[in-house]
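Our numbering applies: residue 329 is where the sequence shown begins, and numbers increase by one.
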Amino acid sequence: MELTPVTDLPEIRPGDDLAELIAERAGDDLESGDVLTVASTVVSKAEGRVADLEEYPVSARAQEIADTIGDLTEEEKDPRFAQAVLEESTELLIDCPFLLTETRFGHINVNAGIDQSNVPGHDLLLLPKRPTKSAERIREGLAEHGYDDIAVIVTDTCGRPFRHGQRGVAIGWAGMPASRDWRGEMDRDGDELEVTVQSVIDELASAANLVTGEGADGVPAVVVSDWEFGDLEGSNELFRSVEDDLVRQALREWDWKGGA
Numbered sequence: 329m330e331l332t333p334v335t336d337l338p339e340i341r342p343g344d345d346l347a348e349l350i351a352e353r354a355g356d357d358l359e360s361g362d363v364l365t366v367a368s369t370v371v372s373k374a375e376g377r378v379a380d381l382e383e384y385p386v387s388a389r390a391q392e393i394a395d396t397i398g399d400l401t402e403e404e405k406d407p408r409f410a411q412a413v414l415e416e417s418t419e420l421l422i423d424c425p426f427l428l429t430e431t432r433f434g435h436i437n438v439n440a441g442i443d444q445s446n447v448p449g450h451d452l453l454l455l456p457k458r459p460t461k462s463a464e465r466i467r468e469g470l471a472e473h474g475y476d477d478i479a480v481i482v483t484d485t486c487g488r489p490f491r492h493g494q495r496g497v498a499i500g501w502a503g504m505p506a507s508r509d510w511r512g513e514m515d516r517d518g519d520e521l522e523v524t525v526q527s528v529i530d531e532l533a534s535a536a537n538l539v540t541g542e543g544a545d546g547v548p549a550v551v552v553s554d555w556e557f558g559d560l561e562g563s564n565e566l567f568r569s570v571e572d573d574l575v576r577q578a579l580r581e582w583d584w585k586g587g588a
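Rendered as structure tokens:
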């Protein structure tokens, strides 16, 4: 497959039409059947998902979290940031030594994915409220500009348990299944695969992240071409349910102080 960055996009501001801006710059690099990955940062900016710390009156819980983490790290922590994380989350899985949360659309990550960098004129950049709806709107907008049958993936960068560094992941998608289901297929020895489900949108997001870069060099949109989903069954399941998530169940019983 081929990965092509969409360059020369301007600083995105609330109300900007991302589909139009991308269509104007993608040119012949974007064709029917391609996949377009778009960084959540520009999606959030276009949707006005910016905020300032002064907008978050501090609750007792937020103050407690900031004080506890501050005492542990010997650094002063702003309880208003903790309050913002709480308001963007449906569940707080770890409250010390960092905040691991579930967002309102089911994504589990640190600090509810709230960013404090590259937010001109504001303190915080929040994740899109409903990234899959965002992907659908971009896809529809591209169709209006003559780009039909384009799958769209909204991406974010996240850390991983047991490993250093971050990689790209999908948080919203439209126009393609999330996963390829290999269950029922045979391996080379003729044994049936029983559990293998390939998270295709995460893999494409990670591949695109090699092109987008980080920091000041970031490019927020990438065209993935000459790639096919294949003949396997697809699934739109990406986030595990609580019933199937053994790690989340264990975290609910975990105490960072005592380890049990």
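Each residue gets a CB set at the ideal place from its N, CA and C atoms; glycine is no exception.
| Asked | Found |
| --- | --- |
| Using DSSP with H/G/I as helix, E/B as strand and the rest coil, what is Val523? | coil |
| Could you give the residue range of the alpha helix (DSSP H) that holds Ile590? | Here the chain covers residues 329 to 588 and nothing more, so residue 590 does not appear. |
| When the Cα atoms are used, what is the spatial distance from Asp559 to Arg458? | 29 Å |
| Take the Cβ of Lys373 as the centre, count every other Cβ of all protein chains shown within 10 Å, and call the residue buried at 16 or more, exposed below. | buried |
| Ala394 lies in the alpha helix (DSSP H); which residues open and close that run? | Ala388 to Thr401 |
| Identify, in the order they occur along the chain, each residue of the same chain with its Cβ nearer than 6 Å to the Cβ of Pro407, setting aside the five sequence neighbours on each side. | Val386, Ala390, Gln391 and Ala394 |
| Which class does Asp423 belong to by DSSP, given the choice of helix, strand or coil? | coil |
| Using only alpha-carbon positions, find the residue among Asp357, Ala347 and Arg353 that is nearest to Val371. | Ala347 |
| Go ahead and label Phe557 buried or exposed: buried means 16 or more other beta carbons lie within 10 angstroms of its beta carbon, across all protein chains shown. | exposed |
| Whole angstroms is fine: what's the gap from Gly562's alpha carbon to Leu521's? | 16 Å |
| In this structure, does DSSP put Ile340 in helix, strand or coil? | coil |
| If you drop the 5 nearest sequence neighbours on each side, which residues of the same chain put their C-beta closer than 8 Å to that of Val550? | Leu331, Thr332, Pro333, Val334, Leu364, Thr365, Ala536, Val539 and Thr540 |
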